[in-house]
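Residue numbers (this note's numbering): 57 to 437.
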């Protein structure tokens with residue numbers, strides 16, 4: 057089969073998922089014809105994306121968030137108005153997508169949560185299948201928990217999900233933990249992790265790893281490190297113009313986003329403190345590393361991620377990069393609490409079951425996966 061990916065370029069997670077799935081497709085004899093990544097002025101696409109994807113990579117202007125002056129929280133109203141004003145630009149993006157899709161002739165367009173992909177599906181009605189993939193689509197599962205008193209935000213979140221998946225034949229919902237299947241169009245799958253992480257040897261060195269999508273959080277990390285010289289921190293960010301490695305204090309090192317180095321540091325750290333992006337949490341869980349999550353203000357999706365991750369046993373959540381809180385938590389964690397999570401190892405098997413089911417091929421069904429008895433009891437009681 058021939059696949060074409062449309063990928064949201066906001067943050068690292070969707071791009072690394074695309075890399076991982078591209079590698080799996082090639083391994084199984086399928087073809088990745090093209091990868092189209094939504095870009096914005098606020099983000100730069102990491103070089104490793106171009107290096108690791110074995111297919112033509114195209115970029116196009118796509119809707120993105122508007123942050124406050126400190127580059128921390130999301131301004132929802134400004135985000136909506138900013139993107140509405142850029143509609144003419146996005147119309148050009150849709151035409152560009154159509155040209156690429158017509159030339160590539162894929163059997164499946166797989167959308168990694170980019171909004172324009174759903175709008176393209178609505179306006180251009182491609183003849184091939186249209187699938188979506190992401191943790192966000194788990195929001196329609198009966199076991200998914202939302203933050204309290206969030207009715208309006210929940211509606212907006214689900215509306216955004218609908219836009220990204222207009223006309224979708226299938227929703228692949230990535231989950232921190234096994235959940236029973238729910239409905240015909242939604243398939244619950246494990247996290248989609250890169251093969252490199254599965255060969256890492258874990259150890260515990262004396263530093264806490266920090267990952268922040270928004271560079272404004274770098275100031276918080278810097279202030280904390282200055283006030284706590286006894287706690288060592290290594291942090292990754294995507295600050296434009298910053299050096300590959302920057303050490304402002306003896307106990308603090310900043311690294312520009314580097315996929316290989318990040319995984320190496322993840323395998324060696326005491327624990328991870330991060331904004332609540334899905335991918336980094338899954339990587340930490342897979343390696344048996346505890347996390348402290350700081351949801352980006354104004355980004356409801358991250359509040360949901362944090363709640364879901366804590367429920368799955370990933371760690372704790374907090375309102376700021378106060379690493380001393382995480383340091384105290386890590387001191388209370390026992391060896392029995394830091395076991396690797398092998399759930400992600402099921403992704404390859406379960407994904408290609410989906411491919412088989414949706415191409416009339418024979419294969420095992422999702423019912424063959426043995427879910428924990430306690431989880432099934434909880435969901436059906």
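Built from N, CA and C at the ideal position, the CB exists for glycine as well.
Given residue 381, which residues of its chain have a CB within under 6 angstroms of its CB, disregarding the five upstream and five downstream residues? Excluding residues within five positions, the ones whose Cβ falls inside 6 angstroms are 374.
Is residue 199 helix, strand or coil when you go by DSSP? It is coil, neither helix nor strand.
Nearest-angstrom Cα distance between residue 248 and residue 379? Roughly 28 angstroms between the two C-alpha positions.
Segment limits, beta strand (DSSP E) that includes residue 484: There is simply no residue 484 to check, as the chain begins at 57 and stops at 437 in what is shown.
Is there contact here, the stretch 300-311 with the stretch 347-365, by at least three beta-carbon pairs under 8 angstroms? Flag = no, the stretch 300-311 and the stretch 347-365 do not touch.
Where residue 57 falls: helix, strand or coil (DSSP): Of the three classes helix, strand and coil, the one that applies to residue 57 here is coil, per DSSP.
Which runs of the beta strand (DSSP E), 3 residues or longer, sit entirely within the stretch 188-259? Within the stretch 188-259, the complete beta strand (DSSP E) runs of at least 3 residues are 226-230 and 242-245.
So residue 266 and residue 377 are in contact, right, with Cβ under 8 angstroms, and what is the actual spacing, rounded? Right, the Cβ-Cβ distance comes to about 7 angstroms (below 8 angstroms), so this counts as a contact.
Where does residue 304 sit, in a helix, a strand or coil, going by DSSP? Residue state, collapsed to three classes: strand.
Terminal residues of the beta strand (DSSP E) in which residue 361 lies: Judged by DSSP secondary structure, residue 361 falls outside any beta strand (DSSP E) and instead within the alpha helix (DSSP H) spanning 356-367.
Alpha helix (DSSP H) segment containing residue 76, residue limits: Unbroken alpha helix (DSSP H) run through residue 76: 69-83.
Which same chain residues end up closer than 8 angstroms to residue 427 when comparing Cβ atoms and leaving out the 5 residues on each side of it in sequence? At residue 427, the pLDDT of 40 sits below 50, so the modelled position is not reliable; the number obtained from the coordinates is stated separately. The beta carbon of residue 427 is closer than 8 angstroms to those of 234, 235 and 236 in its chain, skipping five residues each way along the sequence.
How far does the beta strand (DSSP E) with residue 92 in it extend, from its first residue to its last? Per DSSP, residue 92 belongs to the beta strand (DSSP E) from 87-95.
What is the DSSP secondary structure of residue 371, reduced to helix, strand or coil? Assigned with DSSP and collapsed to three states, residue 371 falls in strand.
Would you mind reading off the limits of the alpha helix (DSSP H) that contains residue 177? From DSSP, the alpha helix (DSSP H) with residue 177 extends over 171-180.
In angstroms with no decimal places, state the Cα-to-Cα distance between residue 208 and residue 220. Taking the CA atoms as reference points, residue 208 sits about 19 angstroms from residue 220.
Give the range of the beta strand (DSSP E) segment to which residue 266 is assigned. For residue 266, the enclosing beta strand (DSSP E) covers residues 264-267.
Take the Cβ of residue 73 as the centre, count every other Cβ of all protein chains shown within 10 Å, and call the residue buried at 16 or more, exposed below. Residue 73 comes out buried.
When we look at the beta-carbon of residue 415 and count the other beta-carbons within 10 Å, is it buried (16 or more) or exposed? Under this definition residue 415 is an exposed residue.
Suppose only complete runs of 3+ residues qualify. What are the beta strand (DSSP E) ranges in the stretch 270-300, listed by chain order? You should have 289-293.
Specify the secondary structure class of residue 377 as computed by DSSP and reduced to three states. Residue 377 carries a coil assignment under DSSP once its states are collapsed to helix, strand and coil.
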